[in-house]
Every structure is written in structure tokens, then in C-alpha cells.
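Novice: The following block contains the structure, expressed as C-alpha cells.
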Amino acid sequence: MHLTQKRGGFDLHTHSVCSDGTTRPAAVAEEAAELGLEGFSLTDHDTIIGWDEAREAARGAGIDFLPGIEITTKFRGSSRHLLGYGIRPGSEELFAALAVVRESRLSRAREMVRRLSVDYDITWEKVAAEDDEGTVGRPHIADALVTAGYARDRSAAFAELLHPGTPYYIGTAAIEASEAIRLVRAAGGFPVLAHPAAQRQRRPLPVADLAELSAAGLGGIELDHPENRAEWLPELRAAATEHHLEITGASDYHGAGKPNRLGERTSPAELISRIRQVVAVPH
Ligand code: AMP
Ligand code: ZN
Ligand code: FE
Ligand code: FE
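Quick note, the sequence shown lines up with residues 495 to 777 if you use our numbering.
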């Protein structure tokens with residue numbers, strides 16, 4: 495098989511340096527084109543500042559671009575991530591809510607660093623140096639710990655020092671998932687629940703919760719994601735079909751920040767066409 499053979503499909507969930515990925519938005523576009531993907535969506539955490547660069551680079555590389563975002567939400571006390579495709583950048587209500595989330599991320603990260611600095615030689619300046627621009631999160635703290643020699647890589651830093659069981663951990667503000675779904679729809683976007691059966695969660699999304707989120711306007715569910723646990727999927731798949739949800743596939747690429755490889759899971763072009771028909775910003 496030739497390396498540049500077309501694999502087709504769209505990778506609908508990727509991160510850049512505008513949140514906790516390690517590659518520029520333009521580099522994600524170039525890598526996607528090199529892999530032979532038809533297109534991709536940039537879905538940085540709680541921000542859309544990478545859109546313009548990604549869109550322009552996609553055009554230059556001759557591949558398709560669908561604008562997206564991954565919103566920090568919660569439902570019944572559990573952290574849940576909501577992907578929003580094609581939202582209008584001028585949507586005041588949605589972006590005001592996102593500003594609150596980013597503000598909380600910043601103060602929470604500062605406090606986590608303060609707690610860590612009691613036991614480790616780590617400072618806010620060192621963490622800020624790991625954040626190019628955009629949304630700050632635990633991955634940037636992880637990178638500073640790696641740079642300082644306290645962990646082998648990001649995953650080790652999470653496992654040893656940054657998970658919720660450590661005394662350093664602090665949660666971050668999240669939008670109620672049903673409210674976030676409403677805000678995404680009001681902004682002309684298409685809401686998709688991200689990685690509903692991720693390994694790192696204690697349990698998959700309960701099907702009763704999926705029913706409620708569907709009633710709130712959820713449009714799709716990311717059942718094909720490298721971190722979803724296979725044994726949790728059949729029940730969710732049946733419920734997704736019952737609620738007429740689109741089923742998406744994506745890698746959740748973070749560059750060198752996570753093992754997920756760009757394009758390892760994809761969605762078909764027909765699905766992207768259906769999404770485009772209902773969103774305010776299809777390209
Ligand atoms: P935060 O939203 O700041 O609490 O950080 C959570 C983010 O860190 C998630 O969105 C993941 O992308 C990333 N993450 C979670 N666990 C790991 C891990 N073990 N290794 C690398 N990145 C991780
Ligand atoms: Zn992330
Ligand atoms: Fe996520
Ligand atoms: Fe993600």
C-alpha cells in the first residue's frame with residue numbers, strides 16, 4: 495500500500511496549540527492532507543481562535559474544513575464534553591458562557607500550580623511557557639512537570655500527579671450539558687456528545703441521560719473514538735438509533751500530547767453534508 499493512498503473520510507475531532515494540542519492549526523490541516531483525509535474539523539477546548547488559520551491552511555492543502563469546538567460541560571455531576579460544529583462566531587450568549595469557562599480554567603490552573611509548588615519546583619511562569627495561546631488546561635501543567643523532570647510524558651504526569659485523586663487536583667467550571675446544547679443550537683451549530691464511553695470515565699453515559707440530552711436538542715454522538723470502551727458501546731448504539739442521533743467517528747488528535755493518531759477514526763462525507771445543511775457556518 496502506498497503511503498499517500500487516499501483513506502478518505504473526515505476526522506471530526508482534533509486539537510491544536512490553541513488549546514492542548516501540540517501542533518499549529520495549519521499543521522493539523524497539512525498532516526490531514528498528507529494522510530489523504532477528505533477533511534477535518536478543528537475542535538479546540540472552549541475556543542475558536544484556531545479556525546482562521548486552519549481554514550486557510552486547509553484551502554492551501556486542498557482539503558475540506560468544518561469549523562468546530564469542544565465545550566467543557568457537565569451532566570448529573572459527571573464531566574462531559576460537547577462538540578459543536580458550524581457555530582456562528584458572533585453568538586454572544588454562547589461566547590459569554592465560554593469566556594466564564596476559560597476564566598475558571600485559568601484560576602483553577604494557577605491554584606493547581608500553587609499546590610504543586612509546595613512539593614515540586616514548579617512555577618506559574620513555567621506552566622505559562624508551555625501554553626502558546628488559547629485555552630489552558632491540565633496538559634500544560636503536565637508539560638511543565640515533564641520539562642522539569644518530574645514525569646516521563648504527559649500521560650505519566652496525569653497518572654501520577656494530575657488526576658482527580660491527587661491533593662493537587664481542582665475541578666474546573668463547566669456549562670450544564672443541556673444548556674450547552676441549547677446554546678450551540680441557538681448559535682446555529684450542530685451539537686455532538688464527545689467520547690461518551692471513554693475509559694477514563696467511571697461509567698459510560700447512562701442511556702437515560704442520552705434520552706434527556708436528545709430531548710434537549712443533541713444531534714449526534716461520537717461512538718467511534720479511540721478511547722471509547724468497546725463493551726459499553728452496544729447499549730449506547732441502540733439508544734442513539736432510538737433517538738435518531740448521528741453517529742460520528744474521530745481521533746481526538748492532540749499532536750504529541752496523546753497517543754491518538756490523526757485520522758485513526760473518521761466520519762463519512764455524507765454525514766458531513768447532512769451536518770452542513772443545518773449549520774450557520776458550514777466551512
Ligand atoms: P482539563 O480539561 O484541564 O481538566 O484537562 C483535561 C484534558 O487533558 C482532556 O481534554 C484531555 O485532552 C487531556 N488528557 C486527559 N488525560 C490525559 C492523559 N492521560 N494524557 C494526556 N492528556 C490527557
Ligand atoms: Zn484535550
Ligand atoms: Fe474531550
Ligand atoms: Fe478532545
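Positions of the beta carbon are idealized from the N, C-alpha and C atoms, including for glycine. Predicted model, so just to flag it, every value in this text is computed and none were measured.
(1) Residue ranges of each beta strand (DSSP E) run of no fewer than 3 residues wholly in the segment 689-768, ordered along the chain?
(2) What number of angstroms, rounded off, separates the C-alpha of Val621 from the C-alpha of Met606?
(3) Distance check for Val595 and Ala668, CA to CA, integer angstroms please.
(4) My output table needs one value for Gly562: the three-state DSSP class, helix, strand or coil.
(5) Which residue wins for smallest C-alpha separation from Ala552, given the options Glu706, Glu673 and Asp505?
(6) In whole angstroms, what is the alpha-carbon distance linking Ile635 and Tyr662?
(7) Which residue or residues does DSSP assign as beta-bridge partners of Arg648?
(8) Given that a residue counts as buried once 16 or more other Cβ atoms are within 10 Å of its Cβ, and exposed if not, what is Thr735?
(9) CA-CA distance, Thr760 and Ile741?
(10) Measuring from the CB of Asp746, is there a heavy atom of ligand 4 at a distance below 7 Å?
(11) Count the C-beta pairs between the segment 625-642 and the segment 652-661 that are closer than 8 Å, then say yes if the count reaches three, no if not.
(12) Under the three-state reduction of DSSP, which class applies to Thr537: helix, strand or coil?
(13) Helix, strand or coil: how does DSSP classify Leu531 here?
(14) Please list, in chain order, all residues with a C-beta atom less than 5 Å from at least one heavy atom of ligand 1.
(15) Keeping to the same chain, check which residues put their C-beta closer than 6 Å to that of Ser585; ignore five residues upstream and five downstream.
(16) Work out the CA separation of Thr666 and His496 for me, nearest whole Å.
(17) Report the rounded CA-to-CA distance for His507 versus Arg609, giving the unit in angstroms.
(18) My assumption, with CB atoms under 8 Å, is that Phe559 sits in contact with Arg549. Please give the rounded CB distance.
(19) How is Met495 classed by DSSP in three states: helix, strand or coil?
(20) Determine the DSSP secondary structure at Glu624, reduced to helix, strand or coil.
(21) Using only alpha-carbon positions, find the residue among His657, Val686, Arg731 and Ala691 that is nearest to Val773.
Specialist: Once the coordinates are examined:
(1) Unbroken beta strand (DSSP E) stretches of 3 residues or longer found wholly inside the segment 689-768: 714-718 and 740-743, given in chain order.
(2) Working through the sequence shown from its first residue, we reach residue 621 at position 127. Working through the sequence shown from its first residue, we reach residue 606 at position 112. Cα-Cα distance, rounded: 11 Å.
(3) Counting from one through the sequence shown, the residue named residue 668 turns up at place 174. Counting from one through the sequence shown, the residue named residue 595 turns up at place 101. A direct Cα-to-Cα measurement between Ala668 and Val595 gives close to 6 Å.
(4) Mapped onto the sequence shown, residue 562 falls at position 68. Collapsing the DSSP output to three states places Gly562 in a strand.
(5) Translated into positions along the sequence shown, residue 552 becomes position 58. Relative to Ala552, the option among Glu706, Glu673 and Asp505 whose CA is nearest is Asp505.
(6) Here residue 635 corresponds to residue number 141 of the sequence shown, with the count starting at 1. Here residue 662 corresponds to residue number 168 of the sequence shown, with the count starting at 1. Tyr662 has its alpha-carbon roughly 11 Å from the corresponding atom of Ile635.
(7) By one-based count along the sequence shown, residue 648 stands at place 154. DSSP lists no partner for Arg648.
(8) Residue numbering aside, residue 735 sits at position 241 when the sequence shown is read from its first letter. Per the 10 Å Cβ criterion, exposed.
(9) For the purposes of this step, residue 760 is taken as the residue at position 266 of the sequence shown. For the purposes of this step, residue 741 is taken as the residue at position 247 of the sequence shown. Using only the alpha carbons, I get a separation of about 11 Å.
(10) By one-based count along the sequence shown, residue 746 stands at place 252. Answer for Asp746: yes, Cβ within range of ligand 4.
(11) Yes, the segment 625-642 touches the segment 652-661.
(12) Here residue 537 refers to the residue found at position 43 of the sequence shown. Here Thr537 sits in coil by DSSP.
(13) Along the sequence shown, one-based indexing puts residue 531 at 37. Note: Leu531 maps to coil in three-state DSSP.
(14) Those satisfying the condition are, in chain order, Gly631, Arg632, Pro633, Arg648, Ser649, Phe652 and Lys752.
(15) Counting from one through the sequence shown, the residue named residue 585 turns up at place 91. Contacts found: Ala681.
(16) Locating residue 496 in the sequence shown gives position 2, counting from the first residue. Locating residue 666 in the sequence shown gives position 172, counting from the first residue. Residue placement at His496 cannot be trusted, given a pLDDT of 47 that sits under 50; the coordinates are not used to answer.
(17) On the sequence shown, residue 507 is found 13 positions in, with the first residue counted as 1. On the sequence shown, residue 609 is found 115 positions in, with the first residue counted as 1. Near 32 Å, if we compare the C-alpha coordinates of Arg609 and His507.
(18) Taking the first residue of the sequence shown as position 1, residue 559 is located at position 65. Taking the first residue of the sequence shown as position 1, residue 549 is located at position 55. Rounded to whole angstroms, the Cβ separation of Phe559 and Arg549 is 5 Å, and the two are in contact under 8 Å.
(19) Indexing the sequence shown from 1 puts residue 495 at position 1. Note on Met495: pLDDT 43, under 50, position unreliable in the model; the coordinate value appears next. In the structure shown, Met495 sits in coil (DSSP, three-state: anything other than H, G, I, E or B).
(20) What you label residue 624 is simply residue 130 of the sequence shown in a count that begins at 1. Coil at Glu624, not helix or strand.
(21) As a first step, residue 773 is located in the sequence shown; it is residue number 279 there, counting from the start. From the listed residues His657, Val686, Arg731 and Ala691, the smallest Cα separation to Val773 is found for Val686.
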